[in-house]
Structures are given as C-alpha cells and as structure tokens.
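For the record, in the sequence shown the residue sitting at position 49 is 49 according to full-length UniProt numbering, with numbers rising by one throughout. Where is the CB? At the ideal position from N, CA and C, for every residue including glycine. A quick note: this is a predicted structure, and the numbers were derived from the prediction, not measured. To start, the structure under review is shown below, and the notes come after it.
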Amino acid sequence: MLVYELEDAIYETEGIQIIIRANRNEETELDYDYQRACSGNTTLSELRRGRLSDLGERYEYEVIDGDNDTPNGRTKLSTIRDSY
Numbered sequence: 001m002l003v004y005e006l007e008d009a010i011y012e013t014e015g016i017q018i019i020i021r022a023n024r025n026e027e028t029e030l031d032y033d034y035q036r037a038c039s040g041n042t043t044l045s046e047l048r049r050g051r052l053s054d055l056g057e058r059y060e061y062e063v064i065d066g067d068n069d070t071p072n073g074r075t076k077l078s079t080i081r082d083s084y
C-alpha cells in the first residue's frame with residue numbers, strides 16, 4: 001500500500017483527515033484493515049494509542065480538522081468529523 005492510499009483508507013473508515021509526513025508514493029508495510037469507524041466518543045489520543053499506534057512508530061503524521069488545524073488529543077472524533 002502506498003502512503004496516499006493509507007491516508008485515503010483511514011479517511012474512508014474513520015472520516016478524519018490524516019497527513020503522513022512521507023513521500024506520498026512511498027510503499028508502506030502498513031494496512032488499515034478496519035471495517036468500522038471508532039465511536040464518535042473516542043478521543044484523538046485514544047485513536048492514536050490504539051489504531052494508529054503502528055503508524056506513529058514509523059511515520060510522523062498529523063490529524064487535520066475542517067479548519068486545517070491540528071486538534072488536541074482530548075478532542076472527540078465526532079467533533080473532528082463534524083468540522084469538515
């Protein structure tokens with residue numbers, strides 16, 4: 001999977017925009033195989049510690065909300081999703 005495909009897969013599943021700091025055409029070993037999105041009550045920190053932990057070990061990345069800002073870790077995913 002290429003980096004941009006991973007970004008797209010996360011957006012399609014979670015409904016949040018992630019920018020990975022890497023060449024977008026770089027091949028990555030990571031997959032995002034989740035079928036269902038995290039609950040809207042999940043915080044960004046919980047998502048980072050859980051589903052995105054492998055991503056954080058290999059790449060620098062940012063979550064971007066609808067205002068092109070980086071929300072803090074206590075922000076709920078429903079708030080980020082509603083900002084787009």
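Straight-line Cα distance separating residue j from residue i
{"i": "residue 86", "j": "S45", "result": "No answer is possible for residue 86: the residues shown for the chain start at 1 and end at 84."}
{"i": "I7", "j": "N41", "result": "With the sequence shown as reference, residue 7 is identified as Glu, and Ile is not the correct amino acid for it. So the alpha carbons of these two residues sit roughly 22 Å apart."}
{"i": "D54", "j": "V3", "result": "14 Å"}
{"i": "L77", "j": "R48", "result": "11 Å"}
{"i": "R81", "j": "G50", "result": "18 Å"}
{"i": "G73", "j": "N23", "result": "25 Å"}
{"i": "E5", "j": "R36", "result": "17 Å"}
Buried/exposed call for residue i, threshold 16 Cβ in 10 Å
{"i": "E57", "result": "exposed"}
{"i": "Y34", "result": "exposed"}
Whole-number beta carbon distance between residue j and residue i, since they are thought to touch under 8 Å
{"i": "Y59", "j": "I16", "result": "At roughly 16 Å, the Cβ-Cβ gap does not stay under 8 Å, so Y59 and I16 are not in contact."}
{"i": "T43", "j": "T75", "result": "7 Å"}
Residues near residue i by beta carbon distance below 7 Å, same chain, minus five either side
{"i": "A9", "result": "Y32"}
{"i": "T70", "result": "E62, V63 and I64"}
{"i": "T83", "result": "Strictly speaking, residue 83 in this sequence is Ser, with Thr absent from that position. D65, G66 and D67."}
Cβ-based neighbour list, residue i, same chain, cut-off 6 Å, excluding 5 preceding and 5 following
{"i": "I18", "result": "E7, I10, Y61 and V63"}
Checklist entry - Should the region 26-35 be regarded as contacting the region 64-72, the criterion being three or more beta carbon pairs within less than 8 Å? => result These segments do not touch.
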